[in-house]
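Before any comments, here is the structure.
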Amino acid sequence: MELRAGASLSAVLDFAHGLTVERNKKCFPTFADRVDHLVLGGAELSNAVRADDKRILPAVAAKVMLRIFTVLQGLGEKDMIVQKLMDKFPANGCSYCGKKPCECAVDRPRGRADIRPSEFQKEWTLADWQVHLYEVYGASNAAHGLTWIANRLTSEIAEVIQARMLMDMQETPEGKERFKSEAISELADSFAWAVAVCTIVDGDLESVFIERYGKGCANCKQYPCQCGAFSFKEERKLNVL
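The numbering of the sequence shown is numbering that gives the first Met the number 0, which starts it at 0 and goes up by one.
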């Protein structure tokens, strides 16, 4: 199986599911395990930013993106992120100020603009999402700089952790569903900031993602991935998912 340019985000999610599902069941059997793996990806990205290694940042952003998809897989909701992205980042502009590009101050308005998601966004590719997020938030992100963007990604991943912990604490199905939805919302924000990292260093996320994963695992070269367990300590030395 091969992933090609122009695939919708839903198709990318399906491809990523097939690529990782067997390995994830063996190596990351719980939702908490998958969140921890995402945290490691965020830390790797932060380290690359601190080292000012812009050359590898698009590939690390692609790795973080795949791990976001892995967490969604653990929730059994790999497609819900598309709807969350549509709700948070509608085609017509910022969901808070209603403008494109966004004109929000650092402290956003409390209420949200009356902008509805567009059905055609369901067919958007990774490239479409990257262009859209740049058109809405690119100028603001560029003014803040790479370190600030990376810190925002780390902050959103931390909120995924918090939602996961709160979900685990719930005793009712309703409570668990509430924080499950919250976790997916934070994953959508993480998606957007991972895209922003790639954009600010002039990376084409779709091309990088396909180059890394489009024909199979970056390490074992198989689809689905056939890698066994590995040490988190040694992870950065390997071309792991």
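C-beta: ideal position from N, C-alpha, C; glycine also.
Query, Result
"Val70 vs Leu186 beta-carbon contact at 8 Å", "yes"
"At least three beta-carbon pairs within less than 8 Å, the segment 125 to 145 to the segment 189 to 203", "yes"
"Sequence-distant residues of its chain with Cβ nearer than 6 Å to Arg111 (five each side left out)", "Ser94, Tyr95"
"Glu248, enclosing alpha helix (DSSP H) - first and last residue", "As shown, the chain starts at 0 and ends at 240. That puts residue 248 outside it, with no answer to give."
"The segment 114 to 124 in contact with the segment 139 to 147 per 3-pair CB rule at 8 Å", "no"
"Three-way DSSP call (helix, strand, coil) for Ser189 in this model", "helix"
"Extent of the continuous alpha helix (DSSP H) to which Phe119 belongs", "Phe119 -> no alpha helix (DSSP H), and no H or E assigned at all."
"Bridge partners - Ser7, DSSP secondary structure assignment", "Thr124"
"For Met85, three-class secondary structure by DSSP", "helix"
"Candidates Ala60, Val11, Cys216: closest to Asn46 by CA position", "Ala60"
"Contacting residues, own chain, Cβ-Cβ under 8 Å from Cys224 (five flanking each side not counted)", "Leu18, Thr19, Glu21, Arg22, Gly215, Cys216, Asn218, Leu240"
"Three-way DSSP call (helix, strand, coil) for Cys26 in this model", "helix"
"Nearest candidate by alpha-carbon position, reference Ala104, set Trp123, Ser139, Lys77, Val81", "Ser139"
"Rounded separation between His36 and Ile55 - CA only", "19 Å"
"Lys232 to Asp127 span [Cα, whole Å]", "In this predicted model, Lys232 has a pLDDT of only 49, less than 50, meaning its place in the structure is not dependable; the value taken from the coordinates is given anyway. If I take the Cα positions, the gap works out to 35 Å."
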